[in-house]
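Input: a single structure, listed below in structure tokens.
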Amino acid sequence: MTVALFSGKARRTTAALGVASAGLLLLSACDKPTPRATVTVGTDSVSSEAVCYDDGAKGIAEKAMSDCLNKKAPETLKIAVDDKVRFGVDPEIAENGWTLFVNGRQGEPEPYKKTYRTFPGSAFFGATQDGQPSPKELTISIVETGGKKLIGVWSFKLEKAS
């Protein structure tokens with residue numbers, strides 16, 4: 606003769622608690638996702654998490670920053686000279702301020718503090734000042750700043766449409 610150790614209700618309660626505990630354990634092992642940045646050209650849009658991100662007290666070290674700016678961009682968009690290129694960032698990025706880098710070089714002097722901005726495609730693939738042909742592709746990086754620290758880098762590759 607066998608004796609049940611738990612009633613049906615007790616087994617279900619124990620199983621539910623076990624599943625809930627396992628779920629919490631799995632969630633605690635996950636990293637919090639970084640804020641997202643988006644680039645849109647016409648009806649094409651790509652969005653990405655940061656290639657480098659540290660919202661801690663120190664931010665990204667200056668030595669690591671060049672490595673971050675040189676990481677392969679995870680997303681690519683084709684643009685023509687007459688297209689409008691739209692950049693959007695999550696509000697927490699805008700709150701700190703962000704600036705664009707083109708091929709690893711700072712493209713503007715002051716951080717921007719709004720979530721959205723637009724540039725003409727000619728700003729990236731127009732005629733150069735020294736008469737050189739424009740490049741076929743560029744890496745555009747959105748860099749989040751927080752005072753004097755660098756918090757995050759989001760990179761996108763722009764290819765010149767033929």
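Going by this note's numbering, the sequence shown opens with residue 606, and the numbers climb by one from there.
Every residue gets a Cβ at the ideal spot worked out from N, C-alpha and C, and that includes glycine.
Closer than 7 Å by C-beta to residue i: which residues in its own chain qualify, once you throw out the five before and the five after it? Chain order, please.
{"i": "Glu654", "result": "Pro638, Thr639, Arg641"}
{"i": "Gln711", "result": "Thr704"}
{"i": "Ala627", "result": "With a pLDDT of only 49 at Ala627, under the threshold of 50, the placement of this residue in the model should not be trusted; the figure read from the coordinates follows. Same-chain partners within the cutoff: there are none."}
If we ignore side chains and look at the alpha-carbon of each, how far apart do residue i and residue j end up?
{"i": "Ala728", "j": "Arg722", "result": "13 Å"}
{"i": "Gly647", "j": "Thr720", "result": "18 Å"}
{"i": "Pro679", "j": "Thr750", "result": "21 Å"}
{"i": "Ala685", "j": "Asn675", "result": "24 Å"}
Let me know if residue i comes out buried or exposed under the rule of 16 or more other beta-carbons within 10 Å of its beta-carbon.
{"i": "Glu700", "result": "exposed"}
{"i": "Ser746", "result": "buried"}
{"i": "Asp649", "result": "exposed"}
{"i": "Ser767", "result": "exposed"}
{"i": "Ser760", "result": "buried"}
Is there at least one non-hydrogen atom of the ligand SAM closer than 7 Å to the beta-carbon of residue i?
{"i": "Ser652", "result": "Absence of the ligand SAM is noted for the structure shown, with no ligands found whatsoever."}
Please work out which residues of its chain come closer than 8 Å, Cβ to Cβ, to residue i, disregarding the five sequence neighbours upstream and downstream, and give them in chain order.
{"i": "Ser671", "result": "Gly709"}
By DSSP's criteria, residue i is part of a beta bridge. Which residues make up the other side?
{"i": "Thr744", "result": "Lys762"}
{"i": "Cys657", "result": "Val758"}
Check whether the region 692-700 and the region 736-744 are in contact - that is, three or more C-beta pairs closer than 8 Å.
Flag = no, the region 692-700 and the region 736-744 do not touch.
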